[in-house]
Every structure is written in structure tokens, then in C-alpha cells.
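K.L.:
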Amino acid sequence: MNRSTKIAGGVFLAAFVWVASGSILGVEDKQTFVPSTLDDSDEVLSKVRTKLSSAQEHQRSIMLYGLTEGARSVQLKVETAGRIIEVPLKKGSSVKEGDIIARVSMADRQARLKEARALVNRYKIAYEAAKNLSKKQFRSKVQLAESLSKLESAKATLRSTSVDIERTSVRAPFDGILNDVDVEIGDYVAIGDVCANIIDLDPILIVGEVTEQASSLLKIGDKASIKLSGRNNLKGTVSYISKVGSVQSRTFRIEVSLLNPGGTIAAGVTTELRLNQGAIKAHFLSPAALTLNEIGELGVKTVKFDKVRFHKVQIIDDTQQGVWLTGLPDEVELIVVGQEFVRSNQKVRSLNIDSDSAL
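Heads up, the sequence shown is in our numbering, so the first residue is 610 and it goes up one at a time.
1) Nearest by alpha-carbon distance to I671: which of E724, A823 and K660 is it?
2) Terminal residues of the continuous beta strand (DSSP E) containing R958?
3) Does D651 pass the burial test, meaning 16 or more other C-beta atoms within 10 Å, or should it be called exposed?
4) Given 8 angstroms as the limit, is there contact between the segment 654–674 and the segment 751–767, that is, 3 or more CB pairs closer than that?
5) I'd like the list of long-range same chain contacts for N869, defined as Cβ closer than 8 angstroms, with 5 residues on each side in sequence excluded.
6) According to DSSP, simplified to helix, strand and coil, what is V696?
7) Let's see if you can read the secondary structure: which residues bound the alpha helix (DSSP H) around K740?
8) Mind checking E815: buried by the 16 CB within 10 Å criterion, or exposed?
9) So within the segment 744–787, which uninterrupted alpha helix (DSSP H) runs reach at least 4 residues, ignoring any that extend past its ends?
10) Pick helix, strand or coil for P812, following the three-state DSSP scheme.
11) State whether the segment 680–696 contacts the segment 796–805, with contact taken as three or more CB pairs (one from each stretch) at a distance under 8 angstroms.
12) Could you give the DSSP three-state label for Q886: helix, strand or coil?
13) Using beta-carbon positions only, say whether T659 and A875 come within less than 8 angstroms of one another.
14) Shortest alpha-carbon distance to L837 belongs to which of T879, S743 and F861?
15) Where V912 and Q923 are concerned, what is the direct C-alpha to C-alpha distance, given to the nearest angstrom?
16) Between L698 and L787, which are expected to be in contact by the criterion C-beta below 8 angstroms, what is the C-beta distance as a whole number of angstroms?
17) Would you identify the three-state DSSP class for E818, choosing helix, strand or coil?
18) Taking the CB atoms as reference points, tell me whether A781 and A711 lie closer together than 8 angstroms.
19) Can you tell which of L901, S663, I774 and S825 has the C-alpha that lies nearest to the C-alpha of G887?
20) Do the segment 897–904 and the segment 941–948 touch if we need at least three Cβ pairs shorter than 8 angstroms?
21) Short of 6 angstroms in beta carbon distance, which residues of its chain neighbour G679, apart from the five on each side in sequence? Order them along the chain.
22) Along the chain, where does the beta strand (DSSP E) that runs through A711 open and close?
23) Can you list, in chain order, the residues of its chain with a C-beta nearer than 7 angstroms to that of G845? Leave out the 5 residues immediately preceding and following it.
24) Select from R883, Y732 and A891 the residue whose C-alpha is nearest the C-alpha of L843.
25) Which residue from R731, Y849, A738 and G872 puts its Cα closest to that of I863?
26) Is the CB-CB distance between V951 and V917 below 8 angstroms?
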């Protein structure tokens, strides 16, 4: 054999001896699989704290800000022309129905009244005479009708003059507050000129705007709680719910009536208004338990069968102590600590803070 053949044979023989020696001596192959000592029971679970929550009967309410308004407000206008000769009351005064707010000069009205009365008396005598003559066939029916027409015309003039004299006194149409006076003594006024503004503050109205959904839950006669600065809570009654929504805000006007003897509550005051909407089953919890899901919906996370579940909720009332919300089963195990670090369907270990069980 040549030299290259001998070298190749030697290399083959050396390789065979090395492989055979491994099998004989029992040396393990480096690729042999070593079973893991971990199993599913050793999975590390997230830990959360939970609290059992049960639904309770809760009086639903809407809280909004309102503004006080007078129950009635009118601008008094002059109904006869003339010069103002008297303004007996100052603005801000309390007035009773019928009180004189301003007086217009009589001028020649009294003279015209006497003339009208004299004409009525004259035509009345003439008519009676014509009637007697007509019965004796000395006057025709046409002449009798003319006498009656003149009498009725004179009576109309007398009534018109009397009404014009009454209108020289501008009177309050109802009890209220003389909010403003627009005339002074010596001013000349024409028919239709504004001379004063009167507002009725008892009852006073608290006016607010509610959503379409809220307006559908309200009804006339519902009770409302009203809070004014520096006063205890007051009780009022819903007296008006608009059936036409605002085009701009899509809200509906409501009015709450509140007794206001003496007009102690002024118009234009901002108030806090809470409207009751009946009882509903709801859960009460701390706002800290609220969270958001992946698409930004507000809700809470619960544990059931050791798995996390997300429930979308709706807040129906917000207080200083906590929030009332719907959207949950009657009884749930709420996650109150750790809800931000777990996701839906994730398996967790929980500690109920009411039972102090171990994690």
C-alpha cells in the first residue's frame, strides 16, 4: 500500500476506537434531555386584594348647578300719554298688588269726564222722549234708533274717558319687589313707554339644564335639594320640565320652585341642585377601585374562579365618601388593590381584606 492509504486507514481506526470507548465506559452524550423539575403547579401568580361587594338600594340623584330666577317679572308700561307728576316708591321697595308706582298728570281729563257725563244725560233724556213719541206714532222707528245711537255713543265716550283717567295711575299687578324705576317726576311719557320693572320672588325658581336621559326620568312634583352659599339645605319641588331641548347644548330646561317668604333669596344666585330620581340597586365603592380597559372604558375588575374579569360600569352618584355605580352583578368580589397590574382572564391569587385570608 502506498503512504496515503496507510494514513487514511490509521485515521479511521483511531476514530472507531474513540467512539467505541464512549459506549463501553458509559459517558453520556452532551445532547441527552434532562427533564425540568418545574411543573404547572409552580407557576408564579399575581397577587391582588379583593373585597366582597353587594348591591344596595340607592336613591338616584342628579347634581347640577342652577341659577335663581323670579317666578314672575314684568315691565310696567304707561297706557296713557302725559307728564309724570308722582313716583311714590323707590326701586328695591316691596310692593303689594294695586300699589301706585307712578302717576301721570290729569291735564284736561276731568273736564272731558264732566262733558261726557253731561252728554250721556242729555241723550238719555232725548231717547226717553223719542221712545214715548214713538209709542204714540209721533216719531218713526228710524228717529228712535238715531236717539238710541247717540245715547250709546255718549256712554262709550264716558267709559273711555273714565278708563283713561284710571290709567294715569300705574299700579303694581302683583305682590313683589320694585326692581327698577325708569321715570322721574317731570318726564313726558307716551303710550307704551316702560316706567318700572317688578319681580315676584315668592316662590323663587331655581333653573337648570339636564340631559335628555335625565329629563325622561324626572316628573312634575319630584323633590329637590337646594344648597345656597351660607344656608342650610333647602327643599323644593320640580315645577316645570321643558319638552323642547336647546339646539346648541341638547339639554332641557327645568325649574324647581322654592318658597321664599319676604324675598330673602335674591334672583341671579348660583345654587347647587340635587334632583332625586327614585331608588335603584347599585354598588358603593371607593373611586380608587375604578380602572380602564384596553379601549378606555371605565369599569372595575373582579375575581371569579381565580380569574380576573372586567365589568364596564356607569357612575350614577358621586359623593365625598365614594361613588355609586351600576353595571355589576348583585354580588361580586371586587379587586381593590392591584387592579392596574392584572388583565382580563388572567389567573391570580387573591386576599379578601374582610376575611384576612393568606395570599
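Where is the CB? At the ideal position from N, CA and C, for every residue including glycine.
P.N.:
Looking at the coordinates:
1) As a working mapping, residue 671 is identified with position 62 in the sequence shown. The residue among E724, A823 and K660 with its C-alpha nearest the C-alpha of I671 is A823.
2) Counted from its first residue, the sequence shown places residue 958 at position 349. Bounds of the beta strand (DSSP E) holding R958 are V957 to N961.
3) Position 42 of the sequence shown, counting from 1, holds the residue named residue 651. Interpretation of D651 is limited by its pLDDT of 44, a score under 50 that renders its predicted location unreliable; the figure taken from the coordinates is listed afterwards. With fewer than 16 Cβ atoms within 10 Å of its Cβ, D651 is classed as exposed.
4) With the cut-off at 8 angstroms, the segment 654–674 and the segment 751–767 do not touch.
5) Numbered from 1 along the sequence shown, position 260 holds the residue referred to as residue 869. The residues are L810, D811, P812 and I813.
6) Within the sequence shown, numbered from 1, the residue matching residue 696 stands at position 87. The answer is coil: DSSP assigns V696 none of H, G, I, E or B.
7) Within the sequence shown, numbered from 1, the residue matching residue 740 stands at position 131. Run containing K740: R718 to K744, per the alpha helix (DSSP H) assignment.
8) For the purposes of this step, residue 815 is identified with residue 206 of the sequence shown, where counting begins at 1. In the sequence as presented, Glu is not what sits at residue 815; that position holds Ile. So I815 ends up on the buried side.
9) Segments of the alpha helix (DSSP H) lying fully in the segment 744–787: 750–775.
10) Counting from one through the sequence shown, the residue named residue 812 turns up at place 203. Strand.
11) A contact is defined here as three or more CB-CB pairs under 8 angstroms, and the segment 680–696 meets this definition with respect to the segment 796–805.
12) For the purposes of this step, residue 886 is taken as the residue at position 277 of the sequence shown. Under the three-state reduction of DSSP output, Q886 falls in the strand class.
13) The sequence position of residue 659 within the sequence shown is 50, counting from 1. The sequence position of residue 875 within the sequence shown is 266, counting from 1. The answer is no: Cβ separation not under 8 angstroms.
14) Taking the sequence shown and counting its residues from 1, one reaches residue 837 at position 228. Checked all of T879, S743 and F861; the closest Cα to L837 is T879.
15) As a working mapping, residue 912 is identified with position 303 in the sequence shown. As a working mapping, residue 923 is identified with position 314 in the sequence shown. Answer to the nearest angstrom: the Cα atoms are 19 angstroms apart.
16) Residue mapping note: residue 698 aligns to position 89 of the sequence shown, counting from 1. Residue mapping note: residue 787 aligns to position 178 of the sequence shown, counting from 1. At roughly 5 angstroms, the Cβ-Cβ gap stays under 8 angstroms, so L698 and L787 are in contact.
17) One-based indexing of the sequence shown puts residue 818 at position 209. In the three-state reduction of the DSSP assignment, E818 falls in the strand class.
18) Sequence index remark: in the sequence shown, residue 781 carries index 172 (1-based). Sequence index remark: in the sequence shown, residue 711 carries index 102 (1-based). No, they are not a contact pair.
19) As a first step, residue 887 is located in the sequence shown; it is residue number 278 there, counting from the start. Of L901, S663, I774 and S825, the residue nearest in Cα terms is S825.
20) Between the segment 897–904 and the segment 941–948, the count of C-beta pairs closer than 8 angstroms reaches three or more; the two stretches touch.
21) If you number the sequence shown from 1, residue 679 lands on position 70. For G679, where only same-chain residues beyond five positions count, the Cβ hits under 6 angstroms are I808, D809, L810 and A876.
22) In the sequence shown, counting from the first residue as 1, residue 711 sits at position 102. Start and end: I709 to V713.
23) Residue mapping note: residue 845 aligns to position 236 of the sequence shown, counting from 1. Same-chain partners within the cutoff: I815, A833, I835, V865, S866 and L867.
24) Start at 1 with the first residue of the sequence shown, and residue 843 comes out as number 234. Cα-wise, what sits closest to L843 is R883.
25) Reading the sequence shown from its first residue, position 254 is the one you call residue 863. The candidate whose alpha carbon is nearest that of I863 is Y849.
26) For the purposes of this step, residue 951 is identified with residue 342 of the sequence shown, where counting begins at 1. For the purposes of this step, residue 917 is identified with residue 308 of the sequence shown, where counting begins at 1. Cβ distance < 8 angstroms, so V951 and V917 count as in contact.
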